[in-house]
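K.L.:
Numbering (the numbering used here), first residue to last: 1 to 446. Here a beta-carbon is modelled for each residue, glycine too, at the ideal position from N, C-alpha and C. Structure below; questions to follow.
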Amino acid sequence: MGGPPPPPPPPGMGGAPPPPPAASAAQAADPNDLFAAIRGGLKLKKVSPPKERDVKAALKEPEVSPEEKARLAKQKEEEERSALLIELLGHMETSSGNLEELTVKAAKSTSVARGFIYTLHRREFVDAFRSKESLPEGGRKEPAQVYQGIEVNRAIKLKDRSETEVKDVMESGGVVARVHMYRFDDKAQTHTLDEIVMLKGRLFPKPLPPFSEPAPVKDGSRMAMNAYDAWEARKDEYKSRDYFQFELNFKKLMDQDIVTVQQMKKLEQTQIAMRRMAESLSKQFEHYTTPELKEVVESIPKQIKEFREKLEEQSGVILRGEALESIKLTPAFIMRNSKKSKALVEAEAALQRAAEEEARQREEEERVKGLHAVVDTPVWTYKNLLERVAEAKETGAIEKVWEQASQQILSDEEDEKEVIMTTRRMQRLRTVHAGVKHRGMKFNEV
1 MGGPPPPPPP PGMGGAPPPP PAASAAQAAD PNDLFAAIRG GLKLKKVSPP KERDVKAALK
61 EPEVSPEEKA RLAKQKEEEE RSALLIELLG HMETSSGNLE ELTVKAAKST SVARGFIYTL
121 HRREFVDAFR SKESLPEGGR KEPAQVYQGI EVNRAIKLKD RSETEVKDVM ESGGVVARVH
181 MYRFDDKAQT HTLDEIVMLK GRLFPKPLPP FSEPAPVKDG SRMAMNAYDA WEARKDEYKS
241 RDYFQFELNF KKLMDQDIVT VQQMKKLEQT QIAMRRMAES LSKQFEHYTT PELKEVVESI
301 PKQIKEFREK LEEQSGVILR GEALESIKLT PAFIMRNSKK SKALVEAEAA LQRAAEEEAR
361 QREEEERVKG LHAVVDTPVW TYKNLLERVA EAKETGAIEK VWEQASQQIL SDEEDEKEVI
421 MTTRRMQRLR TVHAGVKHRG MKFNEV
């Protein structure tokens, strides 16, 4: 009674083994998780890595195998790398725009369009519903709401219908227009446009001819003033009619719908560009260790500050507040200003050493080939010269032998006197040879 509870049984002695820890939702091993900030519409801001667990709490937990410890350590490192890459992605922007800004613009244009749909639907000019065909697969089933401004408490919930249900009405020309409302479906984790189909309502107005009565001339007389007041009253009465109100709100709604669709297209293009950028960053820093990647991410604010100071010094323009916060980077800036990883530096050094070794071997091979060429080159002496001349008599290539012998002897001689003497000897031999040849010719003639 009142004593301390018995100690827990040692691990492995009875009972079920401890359940494995839940898998994290931000593992870098899965590419889809790395792009959750893009696909999920989250703000790409600094994401802190998971906190260290308390030492005492860790001691109380049952022991795990070395394989499980290695798996947990790898998972922790992947989570930290994923957080660092998401933070790095938050400093960057594509050429098509910024994801967060485009999301805000699409939401604002939808807010304006929602007010016009509310006015037309409330006055029963149109019967609006949300097309089921436009809903994302696995998304939320909550009905679309339209309201004026921020009056959410007076919102009208639009029904979800399939277009096949009103096929007859649509084929008979009952469709007034199709407009769109942007929203982020947090269940399907996607940006989407709800298509709102507007059918002719119970009080759909009949078309009226435009008000074309010219304004009376003002000449300062009482009669002219009364005529102008009566013209203004007729014009105001025309503007208060249902058709004019319908046409006014409808035109504004269609103009706003064009803006919403354009913002959505830009948003989709930016998502694709951001995904490619994320893949490029993952590939660019795949050889970086986690501490090296952390150093790169932490150095970006310092680089932006240095760039701002340099720009202010060169241009004389002072950047403050939003101007500084709106600075975004491209992959080219990251590549130029990021410190090379240790693995990359070692790889480049190894390639440099291999190139130098290959060049040295090539030079050695060329040197050996040159030595062989020198050894294989025949050395011309007077003895072998006479032998070659005798051989050349039969083939008729004596002049060629003389030319080769003279070039070789001249190139091998270094002393100027020796060159002169050798040249004279060759000239005498050539003269003797020419005389013998001439006498032979005369003998043959006789």
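(1) Just how far apart, CA to CA, sit Glu63 and Asp185?
(2) Less than 7 Å between the beta carbons of Gly97 and Lys218, yes or no?
(3) Compute the Euclidean distance between the alpha carbons of Lys235 and Phe211, then round it to the nearest angstrom.
(4) Which value, in whole angstroms, describes the spacing of the CA atoms of Phe246 and Lys200?
(5) For the alpha helix (DSSP H) that contains Ile304, what are its first and last residues?
(6) Is the beta carbon of Ala106 less than 7 Å from the beta carbon of Met264?
(7) Assign Thr164 to one of two classes, buried (16 or more other C-beta atoms within 10 Å of its C-beta) or exposed (fewer than that).
(8) Please report the straight-line C-alpha distance between Leu42 and Leu102, rounded to a whole angstrom.
(9) Where Pro214 and Ala230 are concerned, what is the direct C-alpha to C-alpha distance, given to the nearest angstrom?
(10) Considering only DSSP beta bridges, list what Lys187 is partnered with.
(11) Using the Cβ count rule (16 or more neighbours within 10 Å means buried), how would you classify Glu313?
(12) Go ahead and pull the three-state DSSP assignment for His91.
(13) Taking the straight line between their C-alpha atoms, what separation do you get for Phe129 and Asn153?
(14) For Gln271, is the classification buried or exposed, using 16 other Cβ atoms within 10 angstroms of its Cβ as the cut-off for buried?
(15) Ends of the alpha helix (DSSP H) at Arg336?
(16) Label Asn249 either buried or exposed according to how many other C-beta atoms from any shown protein chain fall within 10 Å of its C-beta, with 16 as the threshold for buried.
(17) Have a look at Ala359 and Glu268 and give me their C-alpha separation to the nearest angstrom.
(18) Using the C-alpha atoms, what's the distance from Gln262 back to Glu346?
(19) Distance, Cα to Cα, Gly138 vs Arg183?
(20) Below 8 Å on the Cβ atoms is my contact criterion, and I expect Ser131 with Val197 to pass it. Report the Cβ-Cβ distance as a whole number of Å.
(21) Using a 10 Å radius around the Cβ and a threshold of 16 neighbouring Cβ atoms, would you call Arg81 buried or exposed?
(22) Could you tell me the alpha carbon to alpha carbon distance between Glu306 and Ser299, rounded to whole angstroms?
(23) Identify every run of the beta strand (DSSP E) within the stretch 168 to 242, keeping only runs that are complete inside it and at least 3 residues long; order them along the chain.
(24) Taking the continuous beta strand (DSSP E) assigned at Lys157, which residues delimit it?
(25) Buried or exposed for Asp255, please, with buried defined as at least 16 other CB atoms from any protein chain shown within 10 angstroms of its CB.
(26) Pull the bridge partners of Ala128 from the DSSP assignment, please.
(27) Using a Cβ-Cβ cut-off of 7 Å (strictly less than) and excluding sequence neighbours within five positions of Lys252, which residues of its own chain qualify?
P.N.:
Taking the definition as stated:
(1) 42 Å
(2) no
(3) 7 Å
(4) 12 Å
(5) 290 to 315
(6) yes
(7) exposed
(8) The pLDDT assigned to Leu42 is 49, lower than 50, so where the model puts this residue is not dependable, and the model offers no usable value.
(9) 12 Å
(10) According to DSSP, Lys187 bridges with nothing at all.
(11) exposed
(12) coil
(13) 19 Å
(14) buried
(15) 331 to 337
(16) buried
(17) 52 Å
(18) About 48 Å.
(19) Answer to the nearest angstrom: the Cα atoms are 15 Å apart.
(20) 5 Å
(21) Classification of Arg81: buried, given that the 10 Å Cβ count is 16 or more.
(22) 11 Å
(23) 175 to 185, 190 to 200
(24) 156 to 158
(25) exposed
(26) Met198
(27) Within the same chain, Cβ atoms closer than 7 Å to the Cβ of Lys252 are found at Phe116, the five residues on either side in sequence being excluded.
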